[in-house]
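When the count follows full-length UniProt numbering, it moves up by one through the sequence shown with no breaks and lands on 76 for the last residue.
Notes to accompany the following structure.
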Amino acid sequence: MFAIKSAECEQRLQVCLFCDLELPVKDLQDHSEVCGSRTELCRDCGRYVTLKLLNEHTSTCPGLRADQSLLRTPED
Ligand SMILES: [Zn+2]
Ligand SMILES: [Zn+2]
């Protein structure tokens, strides 16, 4: 029998949620901070949203509600 060392867990590859890159678990946290801070243009509302907020944004995106109301909500 082979004992699984805990160090192997850190070497295990996990897919980044934001760019689908495979990274060792120990590196993924740092990578996610940087990777998730990149911005992507939301095509529904035309705003730039950080990748880590994109999932959340899609549920609150004002662009998706544009068909319900043509009124624009003031930002400031
Ligand atoms: Zn990434
Ligand atoms: Zn949007």
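Just so it is clear, CB atoms sit at the ideal spot from N, CA and C, and this is done for glycine as well.
Everything numeric in this text was worked out from a predicted model, so none of it was measured.
Rounded C-alpha distance that separates residue i from residue j
i	j	result
residue 77	C16	Residue 77 cannot be examined here, being either before or after the span of the chain that is shown, 1 to 76.
S32	R12	16 Å
residue 78	L51	Only positions 1 to 76 of the chain appear in the structure, and residue 78 is not among them; the question remains open.
H57	R47	10 Å
T60	L23	30 Å
G36	R43	18 Å
Whether residue i touches residue j by CB criterion (8 Å)
i	j	result
V34	E40	no
E8	V25	no
Residue i (DSSP reduced to helix, strand or coil)
i	result
L51	helix
L21	coil
heavy atom of ligand 4 below 7 Å from residue i C-beta
i	result
R38	As for ligand 4, it is missing from this structure, which binds only ligand 1 and ligand 2.
Legend entry - Quiz: which residues have CB nearer than 7 Å to ligand 1 non-hydrogen atoms: C16, F18, C19, L21, H31, S32, C35
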